[in-house]
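Engineer:
Numbering (this note's numbering), first residue to last: 9 to 275.
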(Lines of atoms letter the chains of each structure in order from A and count residues from 1; the text may use other names and numbers.)
(Lines give C-alpha, C1' and ligand atoms only; values in the text may rest on other atoms or scores of the structure.)
Protein backbone atom coordinates (compact mmCIF):
# COMPACT_ATOMS: atom_id res chain seq x y z
CA UNK A 1 0.00 0.00 0.00
CA UNK A 2 3.03 2.29 0.36
CA UNK A 3 4.40 1.80 -3.15
CA UNK A 4 3.93 4.38 -5.92
CA UNK A 5 2.37 3.33 -9.21
CA UNK A 6 5.74 3.27 -10.95
CA UNK A 7 9.45 3.15 -10.05
CA UNK A 8 8.95 1.55 -6.64
CA UNK A 9 9.62 -2.04 -5.59
CA UNK A 10 8.72 -4.68 -8.16
CA UNK A 11 5.39 -6.43 -7.69
CA UNK A 12 5.58 -9.69 -5.74
CA UNK A 13 2.29 -11.37 -4.80
CA UNK A 14 -0.66 -10.39 -6.98
CA UNK A 15 -3.11 -9.65 -4.20
CA UNK A 16 -6.26 -7.57 -4.57
CA UNK A 17 -7.70 -7.57 -1.05
CA UNK A 18 -5.87 -4.28 -0.44
CA UNK A 19 -5.68 -1.76 -3.25
CA UNK A 20 -4.11 1.66 -3.25
CA UNK A 21 -6.03 2.71 -6.37
CA UNK A 22 -9.42 0.89 -6.62
CA UNK A 23 -10.07 2.65 -9.96
CA UNK A 24 -7.90 0.05 -11.70
CA UNK A 25 -10.01 -2.83 -10.37
CA UNK A 26 -13.10 -1.10 -11.78
CA UNK A 27 -11.37 -0.64 -15.13
CA UNK A 28 -10.38 -4.32 -15.22
CA UNK A 29 -13.96 -5.43 -14.49
CA UNK A 30 -15.36 -3.04 -17.09
CA UNK A 31 -12.83 -4.12 -19.72
CA UNK A 32 -13.54 -7.81 -19.13
CA UNK A 33 -17.29 -7.17 -19.43
CA UNK A 34 -16.62 -5.75 -22.90
CA UNK A 35 -14.96 -8.96 -24.14
CA UNK A 36 -15.84 -9.88 -27.72
CA UNK A 37 -14.45 -11.89 -30.61
CA UNK A 38 -14.18 -10.61 -34.19
CA UNK A 39 -15.76 -13.81 -35.53
CA UNK A 40 -19.00 -12.89 -33.73
CA UNK A 41 -19.59 -10.12 -36.28
CA UNK A 42 -21.01 -11.11 -39.66
CA UNK A 43 -19.00 -9.35 -42.37
CA UNK A 44 -20.26 -11.39 -45.34
CA UNK A 45 -22.14 -8.43 -46.87
CA UNK A 46 -18.97 -6.33 -46.63
CA UNK A 47 -17.34 -8.54 -49.25
CA UNK A 48 -20.05 -7.68 -51.78
CA UNK A 49 -19.94 -4.01 -50.79
CA UNK A 50 -16.16 -3.88 -51.21
CA UNK A 51 -16.26 -5.46 -54.68
CA UNK A 52 -18.72 -2.77 -55.78
CA UNK A 53 -16.64 0.14 -54.47
CA UNK A 54 -14.76 2.33 -56.96
CA UNK A 55 -10.98 1.99 -56.82
CA UNK A 56 -10.40 5.21 -54.89
CA UNK A 57 -12.81 4.12 -52.14
CA UNK A 58 -11.17 0.69 -51.96
CA UNK A 59 -7.87 2.51 -51.47
CA UNK A 60 -9.32 4.67 -48.67
CA UNK A 61 -10.89 1.69 -46.91
CA UNK A 62 -7.77 -0.48 -47.03
CA UNK A 63 -5.37 2.34 -46.15
CA UNK A 64 -7.44 3.11 -43.08
CA UNK A 65 -7.33 -0.54 -42.04
CA UNK A 66 -3.56 -0.63 -42.53
CA UNK A 67 -3.12 2.36 -40.23
CA UNK A 68 -5.40 0.86 -37.60
CA UNK A 69 -3.61 -2.49 -37.83
CA UNK A 70 -0.17 -0.98 -37.30
CA UNK A 71 -1.17 1.14 -34.31
CA UNK A 72 -3.06 -1.69 -32.62
CA UNK A 73 -0.03 -3.91 -33.21
CA UNK A 74 1.97 -1.31 -31.28
CA UNK A 75 -0.66 -1.12 -28.54
CA UNK A 76 -0.89 -4.89 -28.26
CA UNK A 77 2.70 -5.17 -27.04
CA UNK A 78 4.07 -1.76 -26.04
CA UNK A 79 2.13 -1.24 -22.79
CA UNK A 80 3.56 -4.52 -21.49
CA UNK A 81 7.09 -3.91 -22.76
CA UNK A 82 7.25 -0.29 -21.61
CA UNK A 83 5.25 -0.28 -18.39
CA UNK A 84 5.44 -3.70 -16.72
CA UNK A 85 9.18 -3.39 -15.89
CA UNK A 86 8.50 -0.24 -13.84
CA UNK A 87 5.06 -0.91 -12.34
CA UNK A 88 4.93 -1.24 -8.56
CA UNK A 89 1.36 -2.15 -7.57
CA UNK A 90 -0.55 -5.34 -8.54
CA UNK A 91 -3.85 -3.72 -9.51
CA UNK A 92 -2.08 -1.50 -12.05
CA UNK A 93 0.01 -4.42 -13.31
CA UNK A 94 -3.15 -6.43 -14.00
CA UNK A 95 -4.86 -3.47 -15.65
CA UNK A 96 -1.92 -3.00 -18.05
CA UNK A 97 -2.00 -6.69 -19.00
CA UNK A 98 -5.79 -6.60 -19.47
CA UNK A 99 -5.50 -3.44 -21.57
CA UNK A 100 -2.80 -4.95 -23.82
CA UNK A 101 -4.83 -8.15 -24.26
CA UNK A 102 -7.84 -6.17 -25.48
CA UNK A 103 -5.60 -4.49 -28.06
CA UNK A 104 -4.64 -7.88 -29.48
CA UNK A 105 -8.34 -8.54 -30.10
CA UNK A 106 -8.47 -5.32 -32.11
CA UNK A 107 -5.51 -6.46 -34.20
CA UNK A 108 -7.18 -9.81 -34.85
CA UNK A 109 -10.37 -8.05 -35.92
CA UNK A 110 -8.55 -6.29 -38.76
CA UNK A 111 -7.30 -9.63 -40.04
CA UNK A 112 -10.90 -10.87 -39.92
CA UNK A 113 -12.03 -7.89 -42.01
CA UNK A 114 -9.19 -7.97 -44.54
CA UNK A 115 -9.42 -11.74 -45.13
CA UNK A 116 -13.08 -11.23 -45.95
CA UNK A 117 -12.68 -8.52 -48.59
CA UNK A 118 -9.60 -9.73 -50.46
CA UNK A 119 -8.25 -13.05 -51.69
CA UNK A 120 -4.66 -11.95 -51.05
CA UNK A 121 -4.56 -10.49 -47.52
CA UNK A 122 -0.79 -10.95 -47.41
CA UNK A 123 -0.38 -8.15 -49.95
CA UNK A 124 -2.23 -5.76 -47.65
CA UNK A 125 -0.24 -6.72 -44.56
CA UNK A 126 3.11 -6.70 -46.37
CA UNK A 127 2.51 -3.12 -47.47
CA UNK A 128 1.96 -1.83 -43.92
CA UNK A 129 5.62 -1.68 -42.86
CA UNK A 130 6.84 -0.45 -46.24
CA UNK A 131 4.27 2.35 -46.53
CA UNK A 132 6.06 5.57 -45.55
CA UNK A 133 2.86 7.53 -44.93
CA UNK A 134 1.52 4.99 -42.46
CA UNK A 135 4.89 4.62 -40.72
CA UNK A 136 5.20 8.39 -40.42
CA UNK A 137 1.85 8.66 -38.64
CA UNK A 138 2.75 5.78 -36.31
CA UNK A 139 6.12 7.34 -35.43
CA UNK A 140 4.33 10.04 -33.44
CA UNK A 141 3.34 7.35 -30.93
CA UNK A 142 6.23 4.88 -31.10
CA UNK A 143 8.87 7.59 -30.57
CA UNK A 144 7.76 8.14 -26.98
CA UNK A 145 7.39 4.43 -26.28
CA UNK A 146 10.88 3.73 -27.66
CA UNK A 147 12.41 6.55 -25.64
CA UNK A 148 10.86 5.22 -22.43
CA UNK A 149 11.75 1.58 -23.14
CA UNK A 150 15.40 2.37 -23.91
CA UNK A 151 15.79 4.60 -20.85
CA UNK A 152 14.15 2.08 -18.52
CA UNK A 153 16.47 -0.64 -19.82
CA UNK A 154 19.49 1.50 -18.89
CA UNK A 155 17.95 2.28 -15.49
CA UNK A 156 17.36 -1.40 -14.71
CA UNK A 157 20.84 -2.42 -15.90
CA UNK A 158 22.97 0.37 -14.44
CA UNK A 159 20.86 2.36 -11.98
CA UNK A 160 21.00 6.14 -11.58
CA UNK A 161 24.18 8.09 -12.31
CA UNK A 162 26.73 8.62 -15.08
CA UNK A 163 27.82 5.54 -16.98
CA UNK A 164 30.28 4.87 -19.81
CA UNK A 165 28.43 2.71 -22.32
CA UNK A 166 30.02 1.80 -25.66
CA UNK A 167 32.39 4.74 -25.40
CA UNK A 168 29.64 7.25 -24.58
CA UNK A 169 28.77 8.90 -21.28
CA UNK A 170 25.11 8.27 -20.47
CA UNK A 171 23.29 9.97 -17.60
CA UNK A 172 20.46 7.98 -16.02
CA UNK A 173 18.18 10.23 -13.99
CA UNK A 174 14.96 9.13 -12.28
CA UNK A 175 13.24 12.48 -12.77
CA UNK A 176 14.00 12.36 -16.51
CA UNK A 177 12.62 8.82 -16.60
CA UNK A 178 9.38 10.03 -15.02
CA UNK A 179 9.16 12.75 -17.66
CA UNK A 180 9.53 10.12 -20.38
CA UNK A 181 6.81 8.04 -18.74
CA UNK A 182 4.51 11.08 -18.59
CA UNK A 183 5.07 11.89 -22.26
CA UNK A 184 4.56 8.27 -23.32
CA UNK A 185 1.26 8.13 -21.46
CA UNK A 186 0.20 11.48 -22.89
CA UNK A 187 0.87 10.25 -26.43
CA UNK A 188 -1.13 7.08 -25.69
CA UNK A 189 -4.03 9.13 -24.34
CA UNK A 190 -4.04 11.18 -27.53
CA UNK A 191 -3.80 8.03 -29.63
CA UNK A 192 -6.83 6.49 -27.92
CA UNK A 193 -8.90 9.69 -27.69
CA UNK A 194 -8.08 11.45 -30.99
CA UNK A 195 -5.92 9.53 -33.45
CA UNK A 196 -8.00 6.35 -33.40
CA UNK A 197 -11.22 8.33 -33.68
CA UNK A 198 -9.94 9.94 -36.87
CA UNK A 199 -9.76 6.46 -38.36
CA UNK A 200 -13.12 5.48 -36.82
CA UNK A 201 -14.74 8.45 -38.59
CA UNK A 202 -13.65 6.95 -41.90
CA UNK A 203 -15.20 3.58 -41.03
CA UNK A 204 -18.46 5.14 -39.87
CA UNK A 205 -18.65 7.30 -43.03
CA UNK A 206 -18.95 4.14 -45.11
CA UNK A 207 -21.63 2.76 -42.78
CA UNK A 208 -23.67 5.97 -43.09
CA UNK A 209 -24.03 5.05 -46.76
CA UNK A 210 -25.03 1.50 -45.74
CA UNK A 211 -21.69 0.17 -46.92
CA UNK A 212 -19.15 -1.98 -45.04
CA UNK A 213 -21.50 -2.16 -42.04
CA UNK A 214 -19.83 -5.25 -40.57
CA UNK A 215 -16.59 -3.29 -40.36
CA UNK A 216 -18.43 -0.43 -38.63
CA UNK A 217 -19.92 -2.84 -36.06
CA UNK A 218 -16.43 -4.08 -35.21
CA UNK A 219 -15.15 -0.51 -34.93
CA UNK A 220 -18.05 0.29 -32.60
CA UNK A 221 -17.02 -2.57 -30.30
CA UNK A 222 -13.42 -1.41 -30.46
CA UNK A 223 -14.44 2.18 -29.73
CA UNK A 224 -16.24 1.10 -26.57
CA UNK A 225 -13.06 -0.50 -25.25
CA UNK A 226 -10.91 2.46 -26.28
CA UNK A 227 -12.94 4.65 -23.93
CA UNK A 228 -11.49 2.73 -20.97
CA UNK A 229 -7.98 3.17 -22.38
CA UNK A 230 -8.19 6.99 -22.27
CA UNK A 231 -5.89 6.53 -19.52
CA UNK A 232 -6.82 6.67 -15.87
CA UNK A 233 -3.10 6.08 -15.31
CA UNK A 234 -2.28 9.55 -16.58
CA UNK A 235 -5.11 11.23 -14.67
CA UNK A 236 -4.12 9.55 -11.41
CA UNK A 237 -0.46 10.33 -12.03
CA UNK A 238 -1.24 14.00 -12.64
CA UNK A 239 -3.07 14.18 -9.33
CA UNK A 240 -0.02 12.81 -7.52
CA UNK A 241 2.57 14.87 -9.44
CA UNK A 242 4.41 18.02 -8.47
CA UNK A 243 2.60 20.89 -10.23
CA UNK A 244 5.81 22.58 -11.39
CA UNK A 245 7.04 19.38 -12.98
CA UNK A 246 3.82 19.02 -14.97
CA UNK A 247 3.96 22.68 -16.05
CA UNK A 248 7.50 22.12 -17.37
CA UNK A 249 6.12 19.44 -19.70
CA UNK A 250 3.19 21.48 -21.00
CA UNK A 251 5.07 22.77 -24.05
CA UNK A 252 5.82 19.26 -25.28
CA UNK A 253 2.40 17.82 -24.49
CA UNK A 254 0.75 20.77 -26.22
CA UNK A 255 2.71 19.96 -29.39
CA UNK A 256 1.59 16.31 -29.23
CA UNK A 257 -2.04 17.34 -28.74
CA UNK A 258 -1.90 19.94 -31.51
CA UNK A 259 -0.49 17.41 -33.97
CA UNK A 260 -3.22 14.88 -33.19
CA UNK A 261 -5.96 17.51 -33.32
CA UNK A 262 -4.80 18.59 -36.78
CA UNK A 263 -5.25 14.99 -37.93
CA UNK A 264 -8.82 15.02 -36.65
CA UNK A 265 -9.60 18.32 -38.38
CA UNK A 266 -8.06 17.07 -41.63
CA UNK A 267 -10.23 13.97 -41.50
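A virtual CB, placed ideally from N, CA and C, is assigned to each residue, including glycine.
(1) Under 8 angstroms by Cβ, that's how I've got residue 73 and residue 121 pegged, so tell me the actual separation to the nearest angstrom.
(2) If we count the other Cβ atoms within 10 Å of its Cβ and call it buried at 16 or more, is residue 131 buried or exposed?
(3) Give a yes or no on whether the C-beta atoms belonging to residue 60 and residue 87 are separated by under 8 angstroms.
(4) Who are the near neighbours of residue 229 in its chain, counting only those whose CB is closer than 6 angstroms to its CB and skipping five residues on each side?
(5) Which runs of the beta strand (DSSP E) spanning at least 3 residues fall entirely within the region 145-223, listed in chain order?
(6) Exposed or buried, what is residue 209 when buried is set at 16 or more other beta-carbons lying within 10 Å of its beta-carbon?
(7) Can you pull the DSSP bridge partners for residue 125?
(8) Using three-state DSSP, classify residue 21 as helix, strand or coil.
(9) Looking at C-beta atoms only, is the number of pairs between the region 195-209 and the region 38-55 that lie closer than 8 angstroms three or more?
(10) Mind checking who residue 14 pairs with in its DSSP beta bridge?
(11) Kindly indicate which residue of 232, 160, 220 and 91 has the alpha-carbon position closest to the one of residue 66.
(12) Who are the near neighbours of residue 32 in its chain, counting only those whose CB is closer than 6 angstroms to its CB and skipping five residues on each side?
(13) To the nearest angstrom, how far is it from the Cα of residue 198 to the Cα of residue 190?
(14) Indicate the three-state DSSP secondary structure (helix, strand or coil) for residue 62 in the structure shown.
(15) Return the first residue and the last residue of the alpha helix (DSSP H) that residue 28 is part of.
(16) Please work out which residues of its chain come closer than 7 angstroms, Cβ to Cβ, to residue 216, disregarding the five sequence neighbours upstream and downstream, and give them in chain order.
(17) Using 8 angstroms for Cβ pairs, my map puts residue 166 next to residue 179. What's the rounded Cβ distance?
(18) For residue 50, which residues in the same chain have their Cβ closer than 8 angstroms to its Cβ, ignoring the five residues on either side in sequence?
(19) When the Cα atoms are used, what is the spatial distance from residue 23 to residue 76?
(20) Taking C-alpha atoms, which residue in 91, 53 and 152 lies nearest to residue 125?
(21) Do residue 146 and residue 78 come within 8 angstroms of each other at the CB atom, strictly closer than that value?
(22) Taking the alpha carbon of residue 192 as the point to measure from, which residue in 157, 168, 183 and 226 has its own alpha carbon closest?
(23) May I have the straight-line CA-CA distance separating residue 154 from residue 48, to the nearest angstrom?
(24) Tell me the rounded alpha-carbon separation between residue 10 and residue 94.
(25) Express the C-alpha separation of residue 195 and residue 144 in angstroms, rounding to a whole number.
Structural biologist: With the given structure in hand:
(1) Contact between residue 73 and residue 121 holds: CB atoms are separated by about 6 angstroms, below the 8 angstroms threshold.
(2) The residue is exposed, with fewer than 16 neighbouring Cβ atoms inside 10 Å.
(3) Their beta carbons are not under 8 angstroms apart, which means residue 60 does not touch residue 87 by this criterion.
(4) Contacts found: 44.
(5) Here the runs fully enclosed are 169-173 and 176-180.
(6) Taking all protein chains shown into account, residue 209 has fewer than 16 neighbouring C-beta atoms within 10 Å of its C-beta and is therefore exposed.
(7) Beta-bridge pairing links residue 125 to no other residue.
(8) The DSSP-derived three-state label of residue 21 is coil.
(9) The region 195-209 makes no contact with the region 38-55, as fewer than three CB pairs between them are under 8 angstroms.
(10) Answer is 95.
(11) Out of 232, 160, 220 and 91, 220 has the C-alpha closest to the C-alpha of residue 66.
(12) Excluding positions up to five away in sequence, the list reads 99, 100 and 103.
(13) A direct Cα-to-Cα measurement between residue 198 and residue 190 gives close to 12 angstroms.
(14) When DSSP states are grouped into helix, strand and coil, residue 62 belongs to the coil group.
(15) Taken as a continuous stretch (DSSP letters only), residue 28 belongs to no alpha helix (DSSP H), as it is neither H nor E.
(16) None.
(17) So it is not a contact: roughly 10 angstroms between Cβ atoms.
(18) So the list reads 222, once near-sequence residues are dropped.
(19) Straight-line measurement puts the Cα of residue 76 at about 35 angstroms from the Cα of residue 23.
(20) Comparing Cα-Cα distances from residue 125 to each of 91, 53 and 152, the minimum goes to 53.
(21) In contact: residue 78 and residue 146 (Cβ atoms closer than 8 angstroms).
(22) Considering only alpha carbons, the answer is 157.
(23) In this model, residue 154 and residue 48 are separated by some 35 angstroms (Cα to Cα).
(24) Spanning the two alpha carbons is a distance of roughly 15 angstroms.
(25) When rounded, the distance between both Cα atoms is 15 angstroms.
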